[in-house]
Amino acid sequence: MLVHLQVRNLAVVRHLAVDFQTGMTTITGETGAGKSIALDALGLCLGNRADSDLIRPDTDKAEVIASFQLRKDGPAQHWLSTQELLDEEEPEHCVLRRLITREGRSKGWINGYPVNLTQLKQLAPLLVNIHGQHEHQLLTKPDHQLALLDAYARHADSVAAVSAAYQQWYQLKKQQKQALQQQDEQRARAQLLRYQVEELDQFALQEDEFDELEAQHKRLSNSSALQEDSQFALNALYEGEHNNAYSLIQTALQRLEQQVSIDTQLEPAVKLLKEASVQVEETARELRHYSDGIELDDEALAFAEQRMTQALQLAKKHHIDARALPELHQRLRTELTELEAAAEALAHSDAAVQEAANHYRKVAAKLSKQRSRAAEELSARISTSMQSLNMPHGRFVIRVEHQTQAPATRLGTDDVSFQVTTNPGQPLQPLARVASGGELSRISLAIQVITAAQMTTPTLMFDEVDVGVSGSTAATVGKLLRQLGQQNQVICVTHLPQVAAMAHQQLRVEKQVTDNATETSMVPLAHDDRVIELARLLGAETITATAKANAEELLASAS
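The numbering used here numbers the first residue of the sequence shown as 103 and each following residue consecutively.
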C-alpha cells in the first residue's frame, strides 16, 4: 500500500508531503484546486511520461517520492527480488523516486538504485491500479472488455498457455512457409552437394596428407641424387680406400698420443680427436643405413604425382588451397546433412503444424469455458450493482462466443461483448449503443469496483469516477468503495459528500495565491474539519448549524 507521497516543485505544488492510511481515503477540494495532483505525481513515479512544463516556473527541477509497504511474498516483492532491487534491510518497503529537469531529462530510482522508465512501468501495476474519470470511454472497446473479464477471472495461467500455444503454432507455420519458399533452391543445392561430397568421398584426402605427399614426391624424384651423394659422403668419411677422414683421424691420433707423455698440453687435442673419431664412425653408420633405405620406386613416384595432381585440380575447382580440402569435405557433408534433415522435416511438417493447431484449439476452448463461467458470475454481480445504482431494471450480460475455427490470436478465439438493458422490455444491446452518459458512468463504476476487488494490486486509485452520480446513488457508490477498502487501500478523488463521508481518512486540497504565485497543499482532516468540508460539499454557501448537522449525519451513517 501507499504510505507516503512527497512532491516538490510540480505544477502548482511547491512542497507537499502526505501520509496515507489503510482502508478508504478520499481527496476533496474546490473545483480547480488540483485534487488530482496526487494521482498525477504518483503517475510520474510509476513511469508516466514526464514533461518539463510540469515544473514550477521559478524552479529548474521537480521531484516526486512515493513510499510503499509491500505484501510479504507478494508479486511486487518477487519482482524487486528478481531485478535485484529489493531493499535487503527492509524487504517489505519500497521507495520510488522520479526527478524531472528543465532541460527535459528525467531520472528514476527504486530503493536508491537508478532504473529506466520500462522498469518503473513494469513495477507499477504490482503496486497501484489507477482508474481515471474517463475509464467508461474504454469500456465500449472490445479489447478492454476482454481484458476486464480476464482480470476478473484471474486465469492468467490459462491466458499464458493460449499465448504460448499460439506462438508455437505460428512459428511452425512460419518455418513451413519459409521452407516451402526455399524448397526448389535447397533441392538444387542439395543435388550439387551430393555430387561434390561423393567426389570428395572418392578422393578421400586425409588431414595433413597433402604435405606428406609433397614430401614423398620430393624425396622419390631426387632418390638417385640422394643415394649418390650419401654414398660419396660415406666413402669420404669412412669407406674410401685412400685417405678417408676416419683413417686420417686415426693416424693423427696415434702420433699425438705418443707425444702426450712429452707435453701434456696436447691432451685436449687428443681428447677432441677421439670424440671426432667416434662421431665420424656414427655418421658413417647413419649414412650406410640411409643409403640402404633409399627407394628407387617409379611406381610410388607416379602414384604420389597422380594424387597431388588430383588434389590440386579439386582445390582449383573449389577455389581453395589443396591443404583445405579435408575441412571443405567435412563442411559440405555437414551442410548436406542439414539440408536433407530440413527436407525430411518439411515432409513431416504438415503433421507438426496440425498437432500444434489442435493443441492451440484445445487450450483456447478451455480458456473459453473459464471465461464463460466468469462472465456469468460477473454479469450477475454487475446487474445487482446497477440496480443499487438507481437502475432498478438494469440487466448486464457478458456474451462469450467461441468459434472453434475462428482466426487464431494470442488471446484465444473468443468474441467477448458487454451488453446491457436499463429499461423493462428493452432487449439487450451492446453497451455503447444503449447507455446514456450518466448510465455508462455508473455502469463503469460498478464494473471497476467489482473487478478491482478481484485484483491482487494492493492500492486502487479512483479519479472522480463518480461523475454523473448524485443523491441516494452517490451514497451507494460510497458504500461500494468503503467495502472495497476493507481488502484494498482505496484512494478516491471525489466531489460528492456522500462518497467523501464514507472514507476512513479524508484529505482536503487547498489552493492559495501569494505574491502572484499559486500554491496547492493537501492536508488531512480531523473530525471537525471533515464536518465543515462535507457541509461545503453539500452546497452550503454559509456553514450553518443545519449544514453541520447534515454533515454529522453523513459521517455517522458511514461509521
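Where is the CB? At the ideal position from N, CA and C, for every residue including glycine.
Residues near residue i by beta carbon distance below 6 Å, same chain, minus five either side
i, result
"residue 593", "127 and 563"
"residue 200", "146, 147, 166 and 210"
"residue 108", "119 and 167"
"residue 125", "587 and 606"
"residue 288", "441"
"residue 382", "339, 347 and 348"
"residue 508", "515"
"residue 580", "600, 601 and 604"
"residue 358", "368 and 372"
"residue 664", "The structure shown does not extend to residue 664, since the chain spans only 103 to 661, so no value can be given for it."
Where residue i falls, given that 16 or more other Cβ within 10 Å makes a residue buried
i, result
"residue 252", "buried"
"residue 78", "Nothing can be reported for residue 78: it is not among the residues displayed for the chain, which extend from 103 to 661."
"residue 391", "exposed"
"residue 500", "buried"
"residue 628", "exposed"
"residue 615", "exposed"
"residue 139", "buried"
"residue 658", "exposed"
"residue 231", "buried"
"residue 422", "exposed"
"residue 596", "buried"
"residue 708", "The displayed coordinates of the chain run from 103 to 661. Any statement about residue 708 would go beyond what the structure contains."
"residue 661", "exposed"
"residue 387", "exposed"
"residue 535", "exposed"
"residue 273", "exposed"
"residue 512", "exposed"
"residue 578", "buried"
"residue 637", "buried"
"residue 353", "exposed"
Sub-8 Å separation of residue i and residue j beta-carbons
i, j, result
"residue 403", "residue 319", "yes"
"residue 583", "residue 571", "no"
"residue 348", "residue 379", "yes"
"residue 590", "residue 560", "yes"
"residue 466", "residue 261", "no"
"residue 152", "residue 110", "no"
"residue 130", "residue 635", "yes"
"residue 144", "residue 181", "no"
"residue 305", "residue 416", "yes"
"residue 218", "residue 187", "no"
"residue 532", "residue 519", "yes"
"residue 250", "residue 177", "no"
"residue 136", "residue 223", "no"
"residue 548", "residue 480", "no"
"residue 221", "residue 185", "yes"
"residue 169", "residue 106", "yes"
Beta-bridge partners of residue i, as assigned by DSSP
i, result
"residue 563", "232 and 593"
"residue 623", "612"
"residue 121", "106"
"residue 163", "203"
"residue 147", "Paired residues: none, contrary to the question."
"residue 170", "104 and 196"
"residue 504", "516"
"residue 126", "592"
"residue 208", "202"
"residue 157", "112"
"residue 131", "611"
"residue 329", "Residue 329 pairs with nothing; no bridge assigned."
Neighbourhood of residue i by C-beta distance below 7 Å, restricted to the same chain and skipping five residues each side
i, result
"residue 503", "516 and 517"
"residue 333", "393"
"residue 396", "325, 328 and 329"
"residue 459", "271"
"residue 399", "322"
"residue 307", "413, 427 and 428"
"residue 248", "513 and 518"
"residue 409", "315"
Contact set for residue i: own chain, Cβ-Cβ below 8 Å, skip 5 residues either direction
i, result
"residue 620", "114, 613 and 614"
"residue 434", "295, 298, 299 and 302"
"residue 412", "305"
Within-8 Å CB hit, residue i to chain B
i, result
"residue 455", "Of the chains in the structure shown, none is chain B; there is only one protein chain."
Worksheet item: Would the region 295 to 303 and the region 432 to 451 be scored as touching if the rule is three or more Cβ pairs under 8 Å?
Response: yes
Fill in: Inter-stretch contact (C-beta, 8 Å, three-pair minimum) for the region 487 to 503 and the region 517 to 526
yes
Discussion item. Using a Cβ distance threshold of 8 Å, determine whether the region 198 to 217 contacts the region 140 to 157, with at least three qualifying pairs required.
Written reply: yes
Discussion item. Within 8 Å, do at least three Cβ pairs link the region 310 to 325 to the region 361 to 371?
Written reply: no
Worksheet item: Taking contact to mean at least 3 C-beta pairs separated by less than 8 Å, is the region 253 to 266 in contact with the region 463 to 479?
Response: yes
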